[in-house]
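Protein chains: 2
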Amino acid sequence: MDNQSSSILLENAVKEFSKLPGIGKKTSLRLVLHLLRQSREDVERFGNALIDLRNGIQYCKVCRNISDSEICGICSDERRDPSLICVVESINEVISIENTQQFHGLYHVLGGVISPMDGVGPSDLAIDELLARIEAGGVKEVILALSPTMEGDTTNFYLYKKLSKYEIDISTIARGVSIGDELEYADEMTLGRSIVNRTPYKM
Amino acid sequence: MDNQSSSILLENAVKEFSKLPGIGKKTSLRLVLHLLRQSREDVERFGNALIDLRNGIQYCKVCRNISDSEICGICSDERRDPSLICVVESINEVISIENTQQFHGLYHVLGGVISPMDGVGPSDLAIDELLARIEAGGVKEVILALSPTMEGDTTNFYLYKKLSKYEIDISTIARGVSIGDELEYADEMTLGRSIVNRTPYKM
């Protein structure tokens with residue numbers, strides 16, 4: 005925005021928008037001009053939705069998912085199975101898994117994975133909180149749902165060692181060829197593992 | 005977002021973001037999660053920049069450009085030449101032309117172009133206001149800078165007829181082959197006009 009003489013208000017709004025990831029100055033200007041054509045009420049609703057989110061958001065005391073209250077809607081939902089805990093890296097994975105509508109247990113958000121390169125060790129993650137939930141009783145199975153990366157696998161291994169002293173099942177999400185993928189183009193690691201971990205054919 | 009149980013605040017913010025043009029639900033969620041990682045002050049500055057823009061913006065009484073005050077920064081800039089008025093369709097073109105840093109006169113924002121298909125006639129545009137500015141005296145040249153579309157050309161013609169009774173020069177922006185374009189791929193209309201309107205060669 006070299007157009008400094010026309011409107012400081014416009015300039016500020018464009019500058020703020022272009023701080024967002026993937027939003028350049030041209031897109032930013034387009035979005036701001038779009039908002040100028042909306043009603044005052046609509047723009048206030050938009051701006052306040054963001055401010056209210058940032059000021060009002062809490063982290064669930066049980067699972068560390070984002071929440072509007074002390075205990076999140078998932079942990080306080082009595083229809084969900086509290087004996088099943090799915091361990092994930094961040095809230096992004098909670099949202100992804102919820103969208104599949106295939107999981108009806110509870111979550112535990114670690115807040116990252118073990119990554120010595122980034123200076124993240126086990127003590128930086130919510131691992132003690134996970135163990136405390138299991139020690140409180142009632143948990144039958146923990147599903148490790150971390151990304152199939154070196155850091156994810158390291159964290160899986162660390163958690164497995166910690167969890168194996170409890171009388172619970174420990175599982176990981178299935179890895180294999182993605183649905184819709186051509187076998188020909190699957191990488192060798194994935195294809196190999198999908199043969200080793202083959203499952204009985206179901207009609 | 006099927007994840008209705010976790011956070012209404014998150015859901016609202018995502019819904020509001022995805023109302024913006026070109027922002028889908030996935031991008032919207034990504035932007036909202038980005039904002040969650042920013043400080044409260046930063047998010048408040050963002051939200052308030054948008055609200056303040058919408059509530060504070062005015063339209064310049066002279067040229068109808070957006071402005072923070074009754075008369076915009078361009079019209080009130082004494083270094084600019086008030087004898088030269090560039091007629092444009094909307095504030096977008098003001099911003100584009102300002103960014104070229106090649107124009108030092110004033111603007112007149114019509115607020116659209118004549119388009120019978122869309123029900124926009126001459127009376128819907130700020131044409132009387134333009135004529136009033138010329139009748140007030142001091143204007144030597146009006147540049148018609150509308151898009152080279154059928155509607156733009158119709159509006160150019162209408163304005164030309166209205167303006168030709170005054171003792172002023174009337175010009176339109178040059179049309180021709182874009183700088184950097186291969187002649188081979190230029191469309192025939194543009195190439196033809198660029199030959200008819202050839203200009204003396206300058207070293």
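Sequences listed follow chains A and B, in order. Here the first sequence stands for residues 5 to 207, numbered as in the numbering used here. Here the second sequence stands for residues 5 to 207, numbered as in the numbering used here. A virtual CB, placed ideally from N, CA and C, is assigned to each residue, including glycine.
Residue i versus residue j - alpha carbon distance
{"i": "residue 88 (chain B)", "j": "residue 68 (chain B)", "result": "16 angstroms"}
{"i": "residue 188 (chain A)", "j": "residue 124 (chain A)", "result": "37 angstroms"}
{"i": "residue 165 (chain A)", "j": "residue 116 (chain A)", "result": "18 angstroms"}
{"i": "residue 24 (chain B)", "j": "residue 60 (chain B)", "result": "21 angstroms"}
{"i": "residue 107 (chain A)", "j": "residue 178 (chain A)", "result": "14 angstroms"}
{"i": "residue 74 (chain A)", "j": "residue 22 (chain A)", "result": "33 angstroms"}
{"i": "residue 112 (chain B)", "j": "residue 55 (chain A)", "result": "37 angstroms"}
{"i": "residue 32 (chain A)", "j": "residue 18 (chain A)", "result": "5 angstroms"}
{"i": "residue 105 (chain B)", "j": "residue 131 (chain A)", "result": "58 angstroms"}
{"i": "residue 153 (chain B)", "j": "residue 153 (chain A)", "result": "53 angstroms"}
{"i": "residue 176 (chain A)", "j": "residue 37 (chain A)", "result": "48 angstroms"}
{"i": "residue 20 (chain A)", "j": "residue 39 (chain A)", "result": "14 angstroms"}
{"i": "residue 196 (chain A)", "j": "residue 147 (chain A)", "result": "22 angstroms"}
{"i": "residue 171 (chain B)", "j": "residue 145 (chain B)", "result": "9 angstroms"}
{"i": "residue 76 (chain A)", "j": "residue 101 (chain A)", "result": "16 angstroms"}
{"i": "residue 35 (chain A)", "j": "residue 53 (chain B)", "result": "13 angstroms"}
{"i": "residue 62 (chain A)", "j": "residue 180 (chain A)", "result": "36 angstroms"}
{"i": "residue 27 (chain A)", "j": "residue 97 (chain B)", "result": "21 angstroms"}
{"i": "residue 119 (chain B)", "j": "residue 167 (chain B)", "result": "20 angstroms"}
{"i": "residue 90 (chain A)", "j": "residue 155 (chain A)", "result": "18 angstroms"}
{"i": "residue 128 (chain A)", "j": "residue 48 (chain A)", "result": "38 angstroms"}
{"i": "residue 173 (chain B)", "j": "residue 99 (chain B)", "result": "24 angstroms"}
{"i": "residue 83 (chain A)", "j": "residue 109 (chain A)", "result": "9 angstroms"}
{"i": "residue 86 (chain A)", "j": "residue 163 (chain A)", "result": "19 angstroms"}
Buried versus exposed call for residue i [16 or more other C-beta atoms within 10 Å across all chains shown]
{"i": "residue 149 (chain B)", "result": "buried"}
{"i": "residue 103 (chain B)", "result": "exposed"}
{"i": "residue 161 (chain A)", "result": "exposed"}
{"i": "residue 16 (chain A)", "result": "buried"}
{"i": "residue 199 (chain B)", "result": "exposed"}
{"i": "residue 45 (chain A)", "result": "exposed"}
{"i": "residue 140 (chain A)", "result": "exposed"}
{"i": "residue 183 (chain A)", "result": "exposed"}
{"i": "residue 186 (chain B)", "result": "exposed"}
{"i": "residue 78 (chain B)", "result": "buried"}
{"i": "residue 159 (chain A)", "result": "buried"}
{"i": "residue 136 (chain B)", "result": "exposed"}
{"i": "residue 11 (chain B)", "result": "buried"}
{"i": "residue 8 (chain A)", "result": "Because residue 8 (chain A) sits at a pLDDT of 48, beneath the cut-off of 50, its placement in the model cannot be relied upon, and the following sentence gives the value as read from the coordinates. Burial call: exposed."}
{"i": "residue 58 (chain A)", "result": "buried"}
{"i": "residue 204 (chain B)", "result": "exposed"}
{"i": "residue 71 (chain A)", "result": "buried"}
{"i": "residue 51 (chain B)", "result": "buried"}
{"i": "residue 93 (chain A)", "result": "buried"}
For residue i: DSSP bridge partner residues
{"i": "residue 145 (chain A)", "result": "A:88, A:173"}
{"i": "residue 71 (chain A)", "result": "A:62"}
Where residue i meets chain B, residues with beta-carbon distance less than 8 angstroms
{"i": "residue 86 (chain A)", "result": "Neighbours of residue 86 (chain A) on chain B: none; closest Cβ ~15 angstroms, over 8 angstroms."}
{"i": "residue 61 (chain A)", "result": "11, 13, 14, 40"}
Partner residues on chain A for residue i, Cβ-Cβ distance less than 7 angstroms
{"i": "residue 76 (chain B)", "result": "10"}
{"i": "residue 96 (chain B)", "result": "37"}
Partners in chain B for residue i, counting only beta-carbon separations shorter than 7 angstroms
{"i": "residue 50 (chain A)", "result": "20, 54"}
{"i": "residue 71 (chain A)", "result": "10, 11"}
{"i": "residue 47 (chain A)", "result": "54, 55, 58"}
{"i": "residue 17 (chain A)", "result": "53, 54, 57"}
Partner residues on chain B for residue i, Cβ-Cβ distance less than 9 angstroms
{"i": "residue 137 (chain A)", "result": "By Cβ distance, chain B contributes nothing, its closest Cβ being about 18 angstroms from residue 137 (chain A), past 9 angstroms."}
{"i": "residue 4 (chain A)", "result": "Here chain A comprises residues numbered 5 to 207, so residue 4 (chain A) is not present and cannot be evaluated."}
{"i": "residue 68 (chain A)", "result": "Simply none; closest approach about 12 angstroms."}
Interface residues of chain A facing residue i [CB-CB closer than 8 angstroms]
{"i": "residue 160 (chain B)", "result": "Within 8 angstroms Cβ-Cβ: nothing; residue 160 (chain B) doesn't reach chain A, min ~24 angstroms."}
Chain-ordered chain A contacts of residue i [CB-CB under 9 angstroms]
{"i": "residue 44 (chain B)", "result": "55, 58, 59"}
Near the ligand NAP: residue i beta-carbon under 8 angstroms from a heavy atom
{"i": "residue 73 (chain B)", "result": "Ligands displayed in this structure: none; no statement on the ligand NAP is therefore possible."}
For the region 104-164 of chain B, which segments carrying the alpha helix (DSSP H) assignment without a break, of at least 4 residues, lie completely within its bounds, in sequence order?
131-139
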